[in-house]
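Take a look at the structure below.
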Amino acid sequence: MSNLSSQFVTCPKCNGVGKTAANLVCNECGGISLGTFIKNDFLYWGYDITPAKIIVRQSGIIFDRTINVISLLAGLGGVIGLALWIKDNAIAENYKIYAGIFLSFWGVKSGLILYFWVGLLFLMFAYFRYYRNREKYPPVKLRSYRQYQRLLKKKQFVPNNWRELKTFRTKIDVFQSYEPDLIKLLEKAYSLAMEFRHQELTPAHVLMAALNNPEEKEKNVEAKRVTALFSRLGIHRGKLGPKLKEALEKIEAKNEDDKAALIISRELRQSLVEGYLQAGDNRRRRVGILDLVVSLAKEGKILRSVFNELKVNLKQIEDAADWLIISDRFTVKKYKYQKNREKVLRNKFNAATDAVATPILNYYCRDLTRQIQEEFTEVFAGHEKEIEKIFQAFAEKKNQIILVGPDGVGKKAVVKNLAELIVEDDVPRVLHNKRLLRLDVKKVKEEAPGINLEKKLLVIIHELNKAGNAILVIENISGEILNILSRYPAAFKMIATAEKELSAPGAHNIKINEPDESSLMRIAAGSVVKFEEKYKVFFSYSALITALRASREFLTGRALPARAVELLKKVSQKAAADYDRNITDIIVAKIVSQETGVPYTKILK
386 MSNLSSQFVT CPKCNGVGKT AANLVCNECG GISLGTFIKN DFLYWGYDIT
436 PAKIIVRQSG IIFDRTINVI SLLAGLGGVI GLALWIKDNA IAENYKIYAG
486 IFLSFWGVKS GLILYFWVGL LFLMFAYFRY YRNREKYPPV KLRSYRQYQR
536 LLKKKQFVPN NWRELKTFRT KIDVFQSYEP DLIKLLEKAY SLAMEFRHQE
586 LTPAHVLMAA LNNPEEKEKN VEAKRVTALF SRLGIHRGKL GPKLKEALEK
636 IEAKNEDDKA ALIISRELRQ SLVEGYLQAG DNRRRRVGIL DLVVSLAKEG
686 KILRSVFNEL KVNLKQIEDA ADWLIISDRF TVKKYKYQKN REKVLRNKFN
736 AATDAVATPI LNYYCRDLTR QIQEEFTEVF AGHEKEIEKI FQAFAEKKNQ
786 IILVGPDGVG KKAVVKNLAE LIVEDDVPRV LHNKRLLRLD VKKVKEEAPG
836 INLEKKLLVI IHELNKAGNA ILVIENISGE ILNILSRYPA AFKMIATAEK
886 ELSAPGAHNI KINEPDESSL MRIAAGSVVK FEEKYKVFFS YSALITALRA
936 SREFLTGRAL PARAVELLKK VSQKAAADYD RNITDIIVAK IVSQETGVPY
986 TKILK
């Protein structure tokens, strides 16, 4: 669920549905019905779904697309008109261009030139419409780390009553940030509720709409995501769909002579706002079904009953949604990497120019922030608590940080995650535009053996101070090196790793513990996405849970999460070699049984 507090305020007159018993817009709240304050932003659902508004919205989409196509075609025609005029008047038979004639086209009286100017106006009109549309449907308000910290310190101003709230300046209609395909699903759910002659549109109708009509589902991305989510949980459409339909049929239908309009239920309105908050936590610019599904399951009474019957709990749905969101991030990350590969050469040129200023650092260190930009890396998840501790330490001017934990606990992953956040500028101001430089200690010791180690490190410290924007990273730091560096604690920033706590003046130890169940799930999901793509296999949710439990209870060796990731990789390789692409909990249990000698039936319990 969302990390932001979301205590909802509800209109007492309409009880959170936006309409009175006479089917009129509530004059107390103006149809807002309910919402939540995030400091000085009031979030609410503003699209009152009705048959008339569905027709108006869909007609508006068709109209907008028609106007855009006409404008672009007219603009293209104008460019073609200019090209024809240039061909007839400014190009000689030997294909030489008369520059003077070409540059004077703007003053020529010609039908083709007139057509060009008209086409140019249409292109400008299309450009104007594009930006107006972006303002009309703004993305989810995403905040960087610095913006979020400022938000927490901000003083909150809350209206005294609903009449004041109607004129409140910073209201956010979350509908405007929803994915178009998800809006279509909501409208389809409304039609479904009308077919059942129900009085309210509930979360159950939304999920049923996503599972209904397989032919249409192929065209709707959000409906596909619902199917993928429950496939992970081992619940297929043929199992969930009939249960939902049976539950909906039990709802009392309206009488045929009852003309009361179908309204959006209070629980669905609250879910729609919570979906917006969850999308912000997931760093997604548009609200999709994966951001919404947990709120639907949490708020929807009918859905809770159906899921209890299927023995599916809220945590499983949340885990599966997180898993698919991480998969989406992996896909986007890979696409951006392939798209921006040409920037690698430019980055390497920048590295060469940096080397002029700090040749020693560039010789003995690897720039981890540049590595993040130049190489494709896995999706980092589950290290938020450790990253926050590092931020706090640097903010308190504890510049010599040692990440302490056993081998495999994820110290390197934390450093890489920090490097990625620096690249994205999602860090406190003290880390803004910093570089993480990983020192090759072995190289420092082996080269120029006649020079004292402390003198070598002093040269490196000197260049760190000269660079001004570098943080030294030392993996598995020894007591000898720490004692040397601790003599100059205020001179530079450092992040080191060690398996045991080390004490030295200015050193600040941060304990990296084995991840809890929730963090381990997210870390493992990031690895599974990578293995699925590499080995062309498919993990079910039960297979992943079995692997995590087995790595915790039956396997020994490196600490978690490394132990679990190694098992997942081994299972992926084995399944790919055996051409058994669908990995189940039984397959995982048998592989663990071969490793440990524990009966696989005991592992499955």
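Quick note, the numbering used here runs 385 ahead of the 1-based positions in the sequence shown.
Even for Gly, the Cβ is constructed at its ideal location relative to N, Cα and C.
Rounded C-alpha distance that separates residue i from residue j
| i | j | result |
| --- | --- | --- |
| residue 939 | residue 862 | 31 Å |
| residue 564 | residue 477 | 53 Å |
| residue 822 | residue 746 | 8 Å |
| residue 502 | residue 463 | 7 Å |
| residue 623 | residue 616 | 11 Å |
| residue 740 | residue 859 | Summary for residue 740: the model assigns pLDDT 47, below 50, so the residue's position carries little reliability; its value from the coordinates is reported in the next sentence. If you take the alpha carbons of residue 740 and residue 859, they lie about 20 Å apart. |
| residue 990 | residue 607 | 35 Å |
| residue 848 | residue 789 | 27 Å |
| residue 484 | residue 425 | 59 Å |
| residue 855 | residue 878 | 7 Å |
| residue 885 | residue 669 | 38 Å |
| residue 446 | residue 569 | 12 Å |
| residue 765 | residue 751 | 20 Å |
| residue 934 | residue 443 | 49 Å |
| residue 713 | residue 937 | 28 Å |
| residue 970 | residue 706 | 19 Å |
| residue 641 | residue 585 | 16 Å |
| residue 983 | residue 691 | 36 Å |
| residue 968 | residue 956 | 8 Å |
| residue 529 | residue 423 | 15 Å |
| residue 782 | residue 699 | 41 Å |
| residue 635 | residue 643 | 19 Å |
| residue 810 | residue 852 | 19 Å |
| residue 907 | residue 925 | 15 Å |
| residue 435 | residue 648 | 8 Å |
| residue 660 | residue 672 | 7 Å |
| residue 614 | residue 687 | 19 Å |
| residue 901 | residue 894 | 20 Å |
| residue 721 | residue 715 | 10 Å |
| residue 473 | residue 454 | 29 Å |
| residue 461 | residue 471 | 15 Å |
| residue 579 | residue 520 | 33 Å |
Those residues which DSSP pairs with residue i across a bridge
| i | result |
| --- | --- |
| residue 785 | 879, 892 |
| residue 751 | 823 |
| residue 410 | 404 |
| residue 428 | 421, 557 |
| residue 857 | 822, 879 |
| residue 586 | 649 |
| residue 482 | 476 |
| residue 395 | 419 |
| residue 672 | 563 |
Nonlocal neighbours in the same chain, by C-beta distance under 6 Å from residue i, ignoring five residues either side
| i | result |
| --- | --- |
| residue 829 | 749, 841 |
| residue 395 | 401, 419 |
| residue 972 | none |
| residue 414 | 396, 547 |
| residue 774 | 895 |
Distance between beta carbons of residue j and residue i, contact taken as under 8 Å
| i | j | result |
| --- | --- | --- |
| residue 625 | residue 695 | 7 Å |
| residue 787 | residue 881 | 5 Å |
| residue 964 | residue 974 | Their Cβ separation, rounded to whole angstroms, is 19 Å, which puts residue 964 and residue 974 out of contact at 8 Å. |
| residue 754 | residue 804 | 5 Å |
| residue 785 | residue 891 | 5 Å |
| residue 610 | residue 675 | 6 Å |
Member of the options whose CA lies at the smallest distance from the CA of residue i
| i | options | result |
| --- | --- | --- |
| residue 871 | 885, 843, 407, 962 | 843 |
| residue 646 | 967, 973, 407, 522 | 407 |
| residue 655 | 677, 637, 634, 643 | 677 |
| residue 449 | 650, 775, 513, 585 | 513 |
| residue 398 | 758, 547, 471 | 547 |
| residue 663 | 474, 562, 905, 495 | 562 |
| residue 679 | 589, 943, 720 | 589 |
| residue 817 | 808, 768, 460 | 808 |
| residue 850 | 873, 837, 392 | 873 |
| residue 523 | 460, 800, 715, 557 | 557 |
| residue 518 | 452, 620, 403 | 452 |
Residues near residue i in its chain [Cβ-Cβ closer than 8 Å; skip 5 each side]
| i | result |
| --- | --- |
| residue 737 | Its pLDDT being 48, under 50, residue 737 is placed unreliably by the model, and nothing is read from it. |
| residue 954 | 912, 916 |
| residue 593 | 574, 577, 626, 629, 630, 633 |
| residue 560 | 430, 431, 432, 568, 657 |
| residue 961 | 920, 921, 922 |
| residue 909 | 929, 932, 933, 946, 949, 950, 953 |
C-beta neighbour in chain C for residue i, strict 8 Å
| i | result |
| --- | --- |
| residue 725 | You won't find chain C in this structure, because it holds only one protein chain. |
Neighbourhood of residue i by C-beta distance below 7 Å, restricted to the same chain and skipping five residues each side
| i | result |
| --- | --- |
| residue 684 | 588, 652, 655, 656 |
| residue 605 | 566, 569, 570 |
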